[in-house]
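What follows is a single structure, written as structure tokens, with notes after it.
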Amino acid sequence: MRRRRPALLLLLFLLGLARPEATVAAADPDADPVDVVVVGAGVAGLVTAWELERQGLETVVLEARPVVGGRAATMEYEGGLRAEAGLQEIWHDSPLVRIAGALGLALETEAAPTAWSSVEIDERVFPLVGTSLRAHLDSFLSVPERERLEAWLAHARERLARAKSVGLADPEVAALQAISLADWVQRDAMLSPRAESWLRLHVECELAAGWEEVSALYALLDLAFLLGESQTYHSVVGGNGRLLEALARASRDVRLSARVTAVRVEADGAARVHYEQNGRVASIRARRVVLAIPFYRVSQLQLEPALTPEHEAALGSLGFGQYATVHLVLGPDPTPATQGGLDLSDVLLTPGPLGVIYSASEPAGDGRRIVSLLVHGAQARAFHAASRTARIDALLDALAHRDPALRERVVETHVYTYHPAAIATWRPGRSPLDAGSELLRRAYGPIHFAGDYTEGGHSDGAAKSGLRVAAAIARALREDVVAPSSPGRDAADARGVAAGPVR
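Rendered as structure tokens:
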């Protein structure tokens with residue numbers, strides 16, 4: 000290593016060309032606070048900021064990464080290949096459908112007779128056939144097996160209606176919170192092994208966890224869309240990541256590579272948010288702060304006053320749902336499709352390391368395509384604990400077992416994971432209806448929590464939380480509610496609904 004001469008170093012420093020230490024930006028204690036600082040530019044944060052600015056509120060978004068989108072991204076590859084790496088589809092009842100329309104984004108829409116998919120059971124593929132769930136089930140279940148499964152699904156629909164209308168006040172609904180989904184199904188459904196495998200394949204890929212790891216009530220609430228007879232889902236033309244980019248463009252002040260380190264509530268009820276950006280530490284005052292970051296990041300912030308033990312327990316008892324998205328780049332297919340190979344136009348749910356095999360992308364000009372795999376639960380968790388190369392080798396071996404010709408076409412693999420969790424889950428004893436979840440939906444002084452973990456897993460929960468928090472803040476600021484400097488009580492009812500521009 001070369002030694003730097005002290006005289007030269009001093010000269011460079013005096014000329015402002017060397018900065019041996021990060022400069023701390025002085026905070027103006029008398030500066031007027033902005034209306035809201037949103038911490039995090041994923042789905043929850045960007046939806047919150049978009050709705051707040053529609054209400055006329057001055058909003059600043061601070062994002063630790065150099066890009067927006069959080070866990071939702073569209074990956075672009077050479078030659079025009081494109082594939083999703085987090086937000087595969089947008090279901091019809093998600094607020095993101097309306098938001099995309101408001102932003103002027105074109106959507107591709109596909110109606111499906113059912114939300115269920117083709118499955119692999121006992122090393123056999125059973126395609127989704129016909130126009131109804133019954134037609135599909137009849138392709139691999141006997142009539143008595145299918146009738147028992149249909150009876151349990153009807154029972155689940157009835158319990159779902161009770162959960163939505165009565166909640167935990169219903170003893171039978173409360174009982175579902177106390178047990179795992181596996182216990183509920185195995186105790187009450189009396190399904191055949193094939194029917195149980197079919198159900199488990201569907202629920203575990205949606206919950207990002209084993210069905211023994213989640214409460215039955217949480218699973219019921221999160222899987223409500225599977226119980227419908229038909230579904231419509233959407234994707235943004237050009238990639239779902241364009242939705243997040245459009246939300247960011249609609250926000251007037253989004254600061255990237257801005258990692259928030261502390262939030263301190265001041266005597267006047269406002270909060271000072273400290274953040275580090277490119278080696279400099281700065282702060283900004285805000286009347287309200289929205290923490291739109293993953294639930295496991297909240298405890299990594301320095302909060303003053305600290306969260307209550309009840310808040311810590313509500314966050315700390317959430318489960319860690321695991322996803323890994325794997326993109327298999329396929330070379331051109333030199334031969335016609337062979338009988339017995341995987342249908343690349345279909346979505347297939349498989350056990351083991353492959354997880355969900357999504358239909359292939361449109362081919363690039365050179366004939367290359369991408370097949371996306373959604374690996375979930377324990378198989379995804381293994382990407383954090385073992386050699387990445389070893390995991391890919393195991394995955395490709397599993398692919399070769401199912402379709403040797405397709406395995407030979409794989410020319411590149413790309414893996415996208417989120418550590419320590421991709422989404423929140425609710426363990427047995429917890430659910431989105433319990434007191435801990437309700438606590439996180441309420442303001443803590445000037446601080447609000449937004450994210451899928453306050454509503455339910457996935458992007459629709461994140462979007463709903465953003466709209467809910469924005470409505471509560473808009474109402475509170477319209478009424479000129481001052482957040483208490485000691486946030487032991489709610490500053491605003493988190494279920495309030497804004498009814499027009501603030502100013």
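366 is the number that numbering that gives the first Met the number 0 gives to position 367 of the sequence shown; each next residue is one higher, with no gaps.
Heads up, the beta-carbon is just placed ideally off N, CA and C, and yes, glycines get one too.
Note that the structure is a prediction, hence the values are computed from the model and not measured.
How many Å lie between Leu106 and Gly238 at the Cα? Taking the sequence shown and counting its residues from 1, the one referred to as residue 106 is at position 107. Taking the sequence shown and counting its residues from 1, the one referred to as residue 238 is at position 239. Leu106 and Gly238: Cα-Cα distance of roughly 10 Å.
Pick out the complete alpha helix (DSSP H) segments inside the segment 188 to 269, 4 residues or longer, and give them in chain order. 192 to 206, 215 to 221, 240 to 249
Under 6 Å: does the beta carbon of Asp34 sit that close to some heavy atom of the ligand SAH? Looking for the ligand SAH in the displayed structure turns up nothing, as the structure carries no ligands at all.
Rounded distance between the beta-carbons of Tyr274 and Arg258, thought under 8 Å: As a working mapping, residue 258 is identified with position 259 in the sequence shown. As a working mapping, residue 274 is identified with position 275 in the sequence shown. About 6 Å; that satisfies the 8 Å criterion.
Helix, strand or coil for Tyr357 per DSSP? Against the sequence shown, residue 357 aligns to sequence position 358. Correct three-state label for Tyr357: coil.
Rounded to whole angstroms, what's the CA-CA distance from Leu219 to Glu195? Just pull it up for me. Numbered from its first residue, the sequence shown carries residue 219 at position 220. Numbered from its first residue, the sequence shown carries residue 195 at position 196. Each residue's Cα considered, the two are about 16 Å apart.
State yes or no: is the beta carbon of Arg133 nearer than 7 Å to at least one beta carbon in chain C? This model lacks chain C altogether; it includes just one protein chain.
Just to check my reading of the structure: Trp49 and Leu246 have Cβ atoms closer than 8 Å, yes? What is that Cβ distance to the nearest angstrom? Along the sequence shown, read from residue 1 onward, the residue named residue 49 stands at position 50. Along the sequence shown, read from residue 1 onward, the residue named residue 246 stands at position 247. Correct: roughly 5 Å between the Cβ atoms.
Count the other C-beta atoms from every protein chain shown that fall within 10 angstroms of the C-beta of Ser358, then say buried if there are 16 or more, exposed otherwise. As a first step, residue 358 must be located in the sequence shown, where it is residue number 359. It is exposed - the Cβ of Ser358 has fewer than 16 other Cβ atoms within 10 Å.
Within this structure, are the beta carbons of Thr416 and Ala208 separated by less than 7 Å? Position 417 of the sequence shown, counting from 1, holds the residue named residue 416. Position 209 of the sequence shown, counting from 1, holds the residue named residue 208. Cβ distance not < 7 Å, so Thr416 and Ala208 don't count as in contact.
Does the contact criterion of 3 or more C-beta pairs under 8 Å hold for the segment 433 to 449 versus the segment 400 to 418? no
Comparing alpha-carbon positions, which option in Glu62, Asp187, Ile356, Arg147 lies nearest His201? On the sequence shown, residue 201 is found 202 positions in, with the first residue counted as 1. Among Glu62, Asp187, Ile356, Arg147, the Cα nearest to that of His201 is on Ile356.
If you reduce the DSSP assignment to three classes, tell me which class Thr416 lands in. The residue labelled residue 416 in the question sits at position 417 within the sequence shown. Strand, per DSSP.
Would you mind sorting Val165 into buried or exposed? The rule is 16 or more other CB atoms within 10 Å of its CB. Counted from its first residue, the sequence shown places residue 165 at position 166. So Val165 ends up on the exposed side.
Between Arg531 and Ala114, what straight-line distance do the alpha-carbon atoms span, to the nearest angstrom? This structure gives no information on residue 531, because the portion of the chain shown stretches from 0 to 502.
Within its chain, find whatever has a CB closer than 7 Å to the CB of Leu226; leave out the 5 residues flanking it on each side and keep chain order. Counting from one through the sequence shown, the residue named residue 226 turns up at place 227. Only Leu152, Ala155, Arg156, Leu159 meet the Cβ criterion.
Look up Arg286 in the DSSP assignment and say whether it is helix, strand or coil. The residue labelled residue 286 in the question sits at position 287 within the sequence shown. The answer is strand: DSSP assigns Arg286 an E or B state.
First and last residue of the uninterrupted beta strand (DSSP E) at Gln378: The sequence position of residue 378 within the sequence shown is 379, counting from 1. Premise fails: Gln378 lies in the alpha helix (DSSP H), 376 to 384, not in any beta strand (DSSP E).
Jot down the residue ranges of each uninterrupted beta strand (DSSP E) in the segment 132 to 172, minimum 3 residues, whole runs only, in chain order. none
Quick one: give me the first and last residue of the alpha helix (DSSP H) that Asp392 is part of. On the sequence shown, residue 392 is found 393 positions in, with the first residue counted as 1. Taken as a continuous stretch (DSSP letters only), the alpha helix (DSSP H) holding Asp392 covers 387 to 401.
Is the separation between the beta-carbon of Val346 and that of Thr47 shorter than 7 Å? In the sequence shown, the residue the question calls residue 346 occupies position 347. In the sequence shown, the residue the question calls residue 47 occupies position 48. No.
Between Ala473, Leu206, Glu122, which lies nearest to Gly460 when the distance is taken from Cα to Cα? Reading the sequence shown from its first residue, position 461 is the one you call residue 460. Of the candidates Ala473, Leu206, Glu122, the one whose C-alpha sits nearest the C-alpha of Gly460 is Leu206.
Give me the Cα-Cα distance between Ala25 and Gly465, rounded to the nearest whole angstrom. By one-based count along the sequence shown, residue 25 stands at place 26. By one-based count along the sequence shown, residue 465 stands at place 466. For Ala25, the predicted structure reports a pLDDT of 47, less than 50, and the residue's modelled location is therefore unreliable. A value from the coordinates is still provided. In a straight line, the C-alpha of Ala25 is about 31 Å away from that of Gly465.
Less than 7 Å separating the beta-carbons of Leu222 and Ala462? Walking along the sequence shown from the start, residue 222 turns up at place 223. Walking along the sequence shown from the start, residue 462 turns up at place 463. Cβ atoms of Leu222 and Ala462: not closer than 7 Å.
Contact between the segment 378 to 395 and the segment 290 to 302 (3+ Cβ pairs under 8 Å): no
Find out if the Cβ-Cβ distance for the pair Leu317, Tyr217 is shorter than 7 Å. Locating residue 317 in the sequence shown gives position 318, counting from the first residue. Locating residue 217 in the sequence shown gives position 218, counting from the first residue. Taking 7 Å as the Cβ cut-off, Leu317 and Tyr217 do not qualify as a contacting pair.
Please go through the same chain and pick out, in chain order, the residues whose beta-carbon is closer than 6 Å to the beta-carbon of Met74, but skip the five residues on each side of it. On the sequence shown, position 75 is the one that residue 74 refers to. So the list reads Ala82, Ala84, once near-sequence residues are dropped.
So, with DSSP's three-state summary, where would you put His457? Along the sequence shown, read from residue 1 onward, the residue named residue 457 stands at position 458. Reduced to three states, the DSSP call for His457 is helix.
Ser117 and Leu104 closer than 7 Å at C-beta: Taking the sequence shown and counting its residues from 1, the one referred to as residue 117 is at position 118. Taking the sequence shown and counting its residues from 1, the one referred to as residue 104 is at position 105. No, these two residues do not count as a Cβ contact at 7 Å.
Figure out for me which residue from Glu361, Leu167, Trp183, Met189 has the closest Cα to the Cα of Leu434. The sequence position of residue 434 within the sequence shown is 435, counting from 1. The amino acid occupying residue 434 in the given sequence is Ala; Leu does not appear at that position. The option with the nearest alpha carbon to Ala434 is Leu167.
Could you check if Gly340 is buried or exposed, using at least 16 other CB atoms within 10 Å of its CB as the buried criterion? Taking the first residue of the sequence shown as 1, we reach residue 340 at position 341. Looking at its Cβ environment, which holds fewer than 16 other Cβ atoms inside 10 Å, Gly340 is exposed.
Of all the options Ala399, Ala389, Trp210, which has the alpha carbon lying nearest to the alpha carbon of Gly320? Along the sequence shown, one-based indexing puts residue 320 at 321. Among Ala399, Ala389, Trp210, the Cα nearest to that of Gly320 is on Trp210.
Quick one: give me the first and last residue of the alpha helix (DSSP H) that Arg64 is part of. Against the sequence shown, residue 64 aligns to sequence position 65. No alpha helix (DSSP H) holds Arg64; DSSP gives it neither H nor E.
Whole angstroms is fine: what's the gap from Val33's alpha carbon to Val370's? If you number the sequence shown from 1, residue 33 lands on position 34. If you number the sequence shown from 1, residue 370 lands on position 371. Taking the straight line from one Cα to the other gives about 45 Å.
Helix or strand or just coil, what does DSSP make of Ser430? For the purposes of this step, residue 430 is taken as residue 431 along the sequence shown, with counting starting at 1. Three-state DSSP puts Ser430 in coil, outside helix and strand.
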